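Colleague:
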Amino acid sequence: MSHYLEFFRQFRTTFETTGAIAPSSRFLAANMAGPMKQHQGLKKVLEIGPGTGAV
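Note that our numbering has the sequence shown beginning at 204, numbered continuously upward.
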């Protein structure tokens, strides 16, 4: 529950740069990260937003 509070705290203070209105769910994170299983070697990931850790 605390990740929701952290997200909304950041959303409230940096609304112009947050880019989301709700935190990402674990289901969305699994779908976003799924294609990375196909690639071998090092991977680079850029997370944009408050970054509460779902992805």
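All residues carry an ideal CB built from backbone N, CA and C; glycine is no exception.
Only a predicted model underlies this, so the values are computations on that prediction, with no experimental measurement involved.
Let's test the definition: count the other Cβ atoms within 10 Å of the Cβ of Pro175 and tell me whether it reaches 16, buried, or not, exposed.
Modeller: The displayed coordinates of the chain run from 204 to 258. Any statement about residue 175 would go beyond what the structure contains.
Colleague: With a 10 Å radius around its C-beta and 16 neighbouring C-beta atoms as the bar for buried, classify Phe218 as buried or exposed.
Modeller: For this step, residue 218 is matched to residue 15 along the sequence shown. Classification of Phe218: exposed, given that the 10 Å Cβ count is below 16.
Colleague: Between which two residues does the alpha helix (DSSP H) carrying Ala236 extend?
Modeller: As a position in the sequence shown, residue 236 is number 33, starting the count at 1. Element bounds for Ala236: 229-236.
Colleague: Determine the closest residue to Ile224 out of Phe214, Ala233, Phe230, Ala232, with distance taken between C-alpha atoms.
Modeller: For this step, residue 224 is matched to residue 21 along the sequence shown. It is Phe214.
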